[in-house]
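Residues -19 to -1, 1 to 344 (mature numbering (1 follows the signal peptide of the UniProt record, and there is no 0)) are what the sequence shown spells out, left to right.
Glycine included, each C-beta is placed from N, C-alpha and C at the ideal position.
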Amino acid sequence: MLFQVLSSLLLTLTAGASSAPALLPRVDVPAPFNSSLFKDLNVSRGLNYHYYSVPADKGKPTLLFLHGFPSTSYDWRHQVAFFQDKGYGLLVPDMLGYGGTSKPLDPQLYVSSLVTRDIIDILDAEKIEQAVVVAHDWGSKTASRLANYFPERFLSYAFLAVGYTKPTLFATPFEESLNLSKAVLGYDNHGYWDFFSTEGADQTILEHFDSFWDLFYTNDTTKTITDWSPLGALEAFITNDTRVTPVDYVTPEERAIQMEAIRQGGLAAPLNWYKIVRGTLEGQDDQGIPQENALIHGPVFFGAALRDYISVSAPIYLAGALVSSTSTVTTREYNSGHWVQLAFPEEVNGDLLQWIEGLGLVA
Ligand SMILES: *[C@@H]1O[C@H](CO)[C@@H](O)[C@H](O)[C@H]1NC(C)=O
Ligand SMILES: *[C@@H]1O[C@H](CO)[C@@H](O)[C@H](O)[C@H]1NC(C)=O
Ligand SMILES: *[C@@H]1O[C@H](CO)[C@@H](O)[C@H](O)[C@H]1NC(C)=O
Ligand SMILES: *[C@@H]1O[C@H](CO)[C@@H](O)[C@H](O)[C@H]1NC(C)=O
Ligand SMILES: *[C@@H]1O[C@H](CO)[C@@H](O)[C@H](O)[C@H]1NC(C)=O
């Protein structure tokens, strides 16, 4: 069964965009995605973006889904299945560094002012004047910066697990923010950024990928407090190949598809999402955000993952969500770890639909 799923993955090699030395590997994912609806765009800075595109019925808005680390558009399979038959337009890119999208190795190319321009290029190519953005993990940082740089292009903003990241968030140096998190939470919740930023971390993770994936997708998320987030903990955990029971909401077949997509593209490019915040690149880039857009001007939805102890919702993001927008803010709470859109798909989809319908949008 597993073998059949893997061998049925459509592996297409295409000529790479300017940044990639050789060929871009591509995994075209199975249902609910319709492989004929994937597109590629050479964005204005000459990088390729691979994305899923479903046109909207007349009068319905387009939903833009932005995934985080380490993922591809496949992270949104339950949302795509739910929304694509309801007349909503869908745009679901593989983010920079992932899947069929370019994988440049220079961290400077990952700062938000550049990545948001890429996303706007996709909206332009698809002739979408305004979209609703739904984001998770580092996708939430990009959604935040879309609100900061291109507020006129978005109707409303939904954040899952990771909330609105305000323009000053990455101005605090890493060591200082780590100490701050320890003072507030009792543990340093992002010490693993240090490991992710070291040379060779991509190889170390891939050499111990099952152990890494187990811990990322464990139901006992309290383990992340001891074995994921503190400085040095994750590397120690995976290098002796410690295994823990994975969650039951990702099937072995889905897990194989997810892991294979990451293996094919490697992790050197995706880890740049961390390098820019472990260092100063993102903090400096964010200084270009217009002051008048420091708060979101449109309606906000925040889906809190109450058992996510890395992107900690309860003390940090829930309070932040309430003051993130000059418009209305809707919050929902899920008894979930980080992967809330995979763990509680029916609840998340239903809540998003109700929120979107309640906005009375006509695109
Ligand atoms: C993408 O566009 C740039 C110009 O913006 C061009 O130089 C480059 O060759 C294009 N790349 C591909 C793969 O088409
Ligand atoms: C996939 O999309 C194409 C193009 O819109 C359409 O013709 C085809 O019927 C779709 N396939 C399925 C299984 O929905
Ligand atoms: C962080 O805390 C450690 C241990 O208490 C201390 O040695 C270090 O100076 C602190 N660093 C910063 C930047 O506050
Ligand atoms: C996952 O963890 C939660 C909280 O500890 C618990 O309520 C739930 O039953 C667990 N689910 C499984 C499948 O173990
Ligand atoms: C592997 O490393 C983890 C984390 O440091 C530790 O808790 C565990 O006991 C180690 N296991 C073995 C078999 O050495």
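>> Is any non-hydrogen atom of ligand 4 found closer than 7 Å to the C-beta of R288, if you look at the structure I gave you?
In response: yes
> Which of the three DSSP states, helix, strand or coil, is assigned to R98?
Replying inline: In the structure shown, the three-state DSSP call for R98 is helix.
> With 16 other CB atoms within 10 Å as the buried threshold, where does S65 fall?
Replying inline: As written in the sequence, residue 65 is Gln, which differs from the Ser given in the question. Buried, since its Cβ has 16 or more Cβ neighbours within 10 Å.
> Thinking C-alpha only, which one of A275, G318, R288 is nearest G301?
Replying inline: Answer by Cα proximity: A275.
> Between L22 and Q239, what straight-line distance do the alpha-carbon atoms span, to the nearest angstrom?
Replying inline: 23 Å
> How far does the alpha helix (DSSP H) with E188 in it reach, from first residue to last?
Replying inline: 182 to 188
> Is the number of C-beta pairs between the region 237 to 257 and the region 72 to 87 that are closer than 8 Å three or more?
Replying inline: yes
>> Just checking D195 against ligand 4 - is the residue's beta carbon closer than 7 Å to any of the ligand's heavy atoms?
In response: No, Cβ of D195 sits at least 7 Å from all heavy atoms of ligand 4.
> What residue ranges within the region 246 to 328 form continuous alpha helix (DSSP H) runs of no fewer than 4 residues, ordered along the chain?
Replying inline: 253 to 259, 262 to 266, 299 to 303, 321 to 324
> Is the number of C-beta pairs between the region 146 to 164 and the region 254 to 265 that are closer than 8 Å three or more?
Replying inline: The answer is yes - the region 254 to 265 touches the region 146 to 164, with three or more Cβ pairs under 8 Å.
> From which residue to which residue does the alpha helix (DSSP H) around K163 run?
Replying inline: 155 to 166
>> Are there any heavy atoms of ligand 5 lying less than 7 Å away from the beta-carbon of N15, as far as the coordinates show?
In response: N15 Cβ: outside cutoff for every heavy atom of ligand 5.
> Pick out every residue whose C-beta is nearer than 5 Å to a heavy atom of ligand 5: which are they, in chain order?
Replying inline: A217, F218, N221, T223
>> Quick check: Y168 and P211, are their CB atoms within less than 8 Å of each other?
In response: Contact: yes.
>> Could you compute how far the alpha carbon of L159 sits from the alpha carbon of L28?
In response: Looking at the two C-alpha atoms, the distance is approximately 34 Å.
> Name the DSSP beta bridge partners of P227, please?
Replying inline: DSSP, once it has assigned bridges, lists T199 as partnering P227.
>> DSSP three-state label for E338, please.
In response: helix
>> Quick check on V165: buried or exposed, where buried means 16 or more other Cβ atoms within 10 Å of its Cβ?
In response: exposed
> Between the beta-carbon of Y255 and the beta-carbon of A285, is there less than 8 Å?
Replying inline: no
> Between G40 and E273, what straight-line distance do the alpha-carbon atoms span, to the nearest angstrom?
Replying inline: 30 Å
>> My output table needs one value for G331: the three-state DSSP class, helix, strand or coil.
In response: helix
> With a Cβ-Cβ cutoff of 8 Å, do D183 and L252 count as a contact?
Replying inline: Their beta carbons are under 8 Å apart, which means D183 touches L252 by this criterion.
>> Please classify K67 as buried or exposed, where buried requires at least 16 neighbouring CB atoms within 10 angstroms.
In response: exposed
> With 16 as the cutoff for other CB atoms within 10 Å, does A3 come out buried or exposed?
Replying inline: Per-residue confidence for A3 stands at a pLDDT of 38, beneath the threshold of 50, marking its modelled position as unreliable; no derived number is given.
> If we call anything under 8 Å between Cβ atoms a contact, is Y30 one with D99?
Replying inline: yes
> Whose beta carbon lies closer than 6 Å to any heavy atom of ligand 3, going through the chain in order?
Replying inline: E156, E157, N160
> Tell me, which residues are paired with N23 by DSSP?
Replying inline: Per DSSP, the beta bridge partners of N23 are N29.
>> Between I337, W336, G339, S294, which has its C-alpha nearest H117's C-alpha?
In response: S294
> Quick one: Cα of Y91 to Cα of K122, how far?
Replying inline: 12 Å
>> Cutting at 7 Å between CB atoms, please list the residues of its own chain near S125, excluding the five before and the five after it.
In response: Y145, T146
> Does the beta carbon of D229 fall short of 7 Å from some heavy atom of ligand 4?
Replying inline: yes
>> Runs of 4 residues minimum, wholly inside the region 54 to 93: which ones carry the alpha helix (DSSP H) assignment?
In response: With a minimum length of 4 residues, the unbroken runs of alpha helix (DSSP H) contained wholly in the region 54 to 93 fall at 58 to 64.
> Who are the Cβ neighbours of V96 in its own chain at under 7 Å, not counting the five residues just before and after it?
Replying inline: L77, T123
> Among P42, V310, P11, S25, which has the Cα closest to the Cα of G341?
Replying inline: P42
>> To the nearest angstrom, how far is the alpha carbon of P6 from that of T185?
In response: Confidence is the limiting factor: at P6 the pLDDT is only 42, short of 50, which leaves the residue's position unreliable and the question unanswerable from this model.
> L69 and G279: beta carbons closer than 8 Å?
Replying inline: The sequence given here places Tyr at residue 69; Leu does not occur at that position. Not a contact, by the Cβ cut-off of 8 Å.
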